[in-house]
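To start, the structure under review is shown below, and the notes come after it.
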């Protein structure tokens, strides 16, 4: 990966000063071993993300990066010292590939970003002592570790701030050509050549032979270059065609003469160009890796499908071959029977081995033409014949009919029996491939706008449907027949209340009475009724309201009436049902801080909005679930903590649409 040059850093620091000076630091993350992401909050503009990759780059990014569920030590330490602080200074150290970011909180901290070699990110205190580096390193003259004073690496001359005499001294002391002399004094090869393209100097001319006039040309060229970088930038990504594909070749803050013949993509700022150049590649790398993993899964099933189809073809071939050979024997019945008769008579005096030898010697001389059909006779009396160019076998001990059954017809019947099973297996495999391809499409679509996330371990209640009522009660519901059983058998006790929507296809819902209260508040009962109705088939059928009822747990039974049968996940309710009529079929979905972590909670709107600042209201509608989930994620997941799947698993079965807050308040003001 291209590392930012001294010149690139010079420009990016200027832009960062325009964008994030006096901005508040919120949190720090570590997406990968050498990359730090710092979330910032700018008044009136919202969040900005600063990405730092040691040894490579520093810029603002609009691309969400994958972050580990448990932050490593270094970003946690950055949060401790920098969160809540204000960025008061951003500088490039002496035109070197080092950026200093000063953050002031109760005291001053400095974040050193080293972009040379493999790079580093180092947090310093107000006295320039190292609090902690991203990477601990040691050289003979430098030590990067906690509690040591930070020492800058030996610096070269600041080429942006040199006089005529200083340039002349650099050239006079050099034993290289002029382009290499400029390159090794902070400009790098690309910009050294650009400088010389503004002059009449041959780049291969020895530096110590330059005239004063030529040194003046270099001085003016340096001024021109940095004037353009400072005041007239034209950030570009240079592209080229490689194997028929357009590839990024380089990133530059201004148009360069070297790339005048190349195609390029222009950007309004170097920050945006850098973000596109670096971050998009990383996102594409993640996408390629994800796509490769899905392709591997799908290919595994495609290989299985090929084997199954080959087996099916083999069975059909077996049926055809066995039928043909059995019929062929019967077509030559007379000749085959004649052979069997001759061999049976010979068997009275000879062994099978002797018979085989006699046949080999005498079948051409025999006056029995049928003997010429014999290929061989084995020691068990099985005769191999050549009939119409086909090789067939007949067991002289069994006769024609039984031989045809044993060697051919039975095999054909067995192959026929297997065909149906293989056909079913093929359909199942095709179905699995289709499902995987659909999942792949959803996953790849998600990666266009969302980061790859670590799989989170779900709490027991997150494996069900759940919410916390406005009165603080845990309410849970089943997702399917299995979890319906669990809700009642595993997660309920005598003082809990059982809810069910009065429609076929609804979850068993439990209000957990952890404190054994004598009565559960009406508000919680009403919310549980809404919950039971909203996750029932009433949603998919488009109802705006429906009836639910509640009973005590001793009214819930798995024992059916005589002659009846209960499906898994179903229960019998005996006794009086307490109906709550016409409860709204709609839910709120929001991010809540519960049980020590940020979680997605979906349930009655009042319950969700009591616990969440970031939520939406969802009603039955016309938008597909997956598409709706992406829109919901975009509205509520400001910190990019969740995936589309996290939202999908919390939505009811069926299509959805958003409901406006005002509409909800007008229609469903809390009782």
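Numbering (the working numbering), first residue to last: 1 to 671.
Backbone N, C-alpha and C fix where the C-beta goes; we use that ideal spot for every residue, glycine too.
Contact under 8 Å by Cβ, residue 57 with residue 278: Indexing the chain shown from 1 puts residue 57 at position 57. Indexing the chain shown from 1 puts residue 278 at position 278. A contact, by the Cβ cut-off of 8 Å.
Chain-order list of residues whose beta-carbon lies under 6 Å from that of residue 214 (same chain, five-residue window excluded): On the chain shown, position 214 is the one that residue 214 refers to. Around residue 214: 201.
Beta-carbon proximity of residue 509 to residue 531, cut-off 8 Å: One-based indexing of the chain shown puts residue 509 at position 509. One-based indexing of the chain shown puts residue 531 at position 531. A contact, by the Cβ cut-off of 8 Å.
Residue 536 classed as buried or exposed, judged by whether at least 16 other C-beta atoms fall within 10 angstroms: Counting from one through the chain shown, the residue named residue 536 turns up at place 536. Classification of residue 536: buried, given that the 10 Å Cβ count is 16 or more.
Residue 583 versus residue 424: straight-line alpha-carbon distance, rounded: Residue 583 sits at position 583 when you count from the first residue of the chain shown. Residue 424 sits at position 424 when you count from the first residue of the chain shown. Rounded to whole angstroms, residue 583 to residue 424 spans 45 Å at the Cα level.
Rounded separation between residue 635 and residue 234 - CA only: Numbered from 1 along the chain shown, position 635 holds the residue referred to as residue 635. Numbered from 1 along the chain shown, position 234 holds the residue referred to as residue 234. About 34 Å.
Spatial distance of residue 653 from residue 480 (CA atoms): If you number the chain shown from 1, residue 653 lands on position 653. If you number the chain shown from 1, residue 480 lands on position 480. Cα to Cα, the separation comes out at about 11 Å.
Euclidean distance between Cα positions of residue 257 and residue 177: Working through the chain shown from its first residue, we reach residue 257 at position 257. Working through the chain shown from its first residue, we reach residue 177 at position 177. So the two alpha carbons sit approximately 20 Å from each other.
Nearest-angstrom Cβ-Cβ length linking residue 588 and residue 608, presumed shorter than 8 Å: Looking up residue 588 in the chain shown gives position 588. Looking up residue 608 in the chain shown gives position 608. At roughly 3 Å, the Cβ-Cβ gap stays under 8 Å, so residue 588 and residue 608 are in contact.
Check whether residue 13 and residue 108 have beta carbons under 8 Å apart: Here residue 13 is taken as the residue at index 13 of the chain shown, counted from 1. Here residue 108 is taken as the residue at index 108 of the chain shown, counted from 1. Their beta carbons are not under 8 Å apart, which means residue 13 does not touch residue 108 by this criterion.
Through-space distance from residue 512 to residue 494, alpha-carbon basis: For the purposes of this step, residue 494 is taken as residue 494 along the chain shown, with counting starting at 1. For the purposes of this step, residue 512 is taken as residue 512 along the chain shown, with counting starting at 1. Distance between the alpha carbons of residue 494 and residue 512 is about 10 Å.
Chain-order list of residues whose beta-carbon lies under 6 Å from that of residue 467 (same chain, five-residue window excluded): Start at 1 with the first residue of the chain shown, and residue 467 comes out as number 467. 475, 601, 603 and 607.
Three-state class that DSSP yields for residue 259 in the structure shown: Counting from 1 along the chain shown, the entry for residue 259 is found at position 259. DSSP places residue 259 in helix when its eight states are reduced to three.
Integer Cβ distance of residue 54 from residue 134, believed to fall under 8 Å: Taking the first residue of the chain shown as 1, we reach residue 54 at position 54. Taking the first residue of the chain shown as 1, we reach residue 134 at position 134. About 6 Å separates the two Cβ atoms, so the contact holds.
Where residue 81 falls, given that 16 or more other Cβ within 10 Å makes a residue buried: Taking the chain shown and counting its residues from 1, the one referred to as residue 81 is at position 81. So residue 81 counts as buried.
Where residue 458 falls, given that 16 or more other Cβ within 10 Å makes a residue buried: As a working note, residue 458 is residue 458 in the chain shown. Its Cβ having fewer than 16 others within 10 Å, residue 458 is exposed.
Straight-line Cα distance separating residue 291 from residue 440: Counting from 1 along the chain shown, the entry for residue 440 is found at position 440. Counting from 1 along the chain shown, the entry for residue 291 is found at position 291. The straight-line gap from Cα to Cα measures roughly 7 Å.
Residue 75, DSSP secondary structure in three states: For the purposes of this step, residue 75 is taken as the residue at position 75 of the chain shown. It is helical.
Span of the beta strand (DSSP E), counted from its first residue to its last, around residue 172: If you number the chain shown from 1, residue 172 lands on position 172. No beta strand (DSSP E) contains residue 172, which is instead part of the alpha helix (DSSP H) from 164–172.
is_contact[residue 612, chain D] using C-beta, thresh 8 Å: The displayed structure is made up of one protein chain only, and chain D is not part of it.
Cβ-based neighbour list, residue 26, same chain, cut-off 7 Å, excluding 5 preceding and 5 following: Within the chain shown, the letter at position 26 stands for residue 26. Taken in chain order, the residues that qualify are 39, 40, 41 and 83.
Cβ neighbours of residue 118 in the same chain (closer than 6 Å, five flanking residues each side left out): Taking the first residue of the chain shown as position 1, residue 118 is located at position 118. Closer than 6 Å at the Cβ level, and outside the excluded window around residue 118, lie 55.
Helix, strand or coil at residue 22 according to DSSP, with G and I counted as helix: Here residue 22 corresponds to residue number 22 of the chain shown, with the count starting at 1. Three-state result, residue 22: coil.
Residue 585, enclosing alpha helix (DSSP H) - first and last residue: The residue given as residue 585 occupies position 585 in the chain shown. Segment: none, residue 585 is in no alpha helix (DSSP H) and carries neither H nor E.
8 Å CB neighbourhood of residue 391 in its chain, flanking five on each side removed: Translated into the one-based positions of the chain shown, residue 391 becomes position 391. The residues are 375, 384 and 385.
Cβ neighbour criterion (16 or more within 10 Å) applied to residue 507: Taking the first residue of the chain shown as position 1, residue 507 is located at position 507. Under this definition residue 507 is a buried residue.
Residues near residue 322 in its chain [Cβ-Cβ closer than 6 Å; skip 5 each side]: Looking up residue 322 in the chain shown gives position 322. Excluding residues within five positions, the ones whose Cβ falls inside 6 Å are 408, 411 and 412.
Cβ neighbour criterion (16 or more within 10 Å) applied to residue 182: Here residue 182 is taken as the residue at index 182 of the chain shown, counted from 1. It counts as buried.
Residue 356, DSSP secondary structure in three states: As a first step, residue 356 must be located in the chain shown, where it is residue number 356. DSSP places residue 356 in helix when its eight states are reduced to three.
Stretch-stretch touch, CB-based, cutoff 8 Å, three pairs: the segment 498–507 with the segment 549–564: yes
Helix, strand or coil at residue 524 [DSSP, three-state]: Here the question's residue 524 lines up with position 524 in the chain shown. It is helical.
Reduced DSSP secondary structure (H/G/I, E/B, other) of residue 547: Locating residue 547 in the chain shown gives position 547, where the first residue counts as 1. In this structure, residue 547 counts as strand in the three-state DSSP scheme.
Close Cβ partners of residue 89 (< 6 Å) along its chain, the five nearest in sequence each way excluded: If you number the chain shown from 1, residue 89 lands on position 89. Cβ within range, chain order: 102.
C-alpha gap between residue 328 and residue 401, whole angstroms: Residue mapping note: residue 328 aligns to position 328 of the chain shown, counting from 1. Residue mapping note: residue 401 aligns to position 401 of the chain shown, counting from 1. Roughly 12 Å between the two C-alpha positions.
For residue 529, the residue or residues it bridges with in DSSP: Here residue 529 refers to the residue found at position 529 of the chain shown. Bridge partners of residue 529: none, in fact.
Residue 299 (DSSP reduced to helix, strand or coil): Here residue 299 refers to the residue found at position 299 when the chain shown is read from its first residue. Correct three-state label for residue 299: helix.
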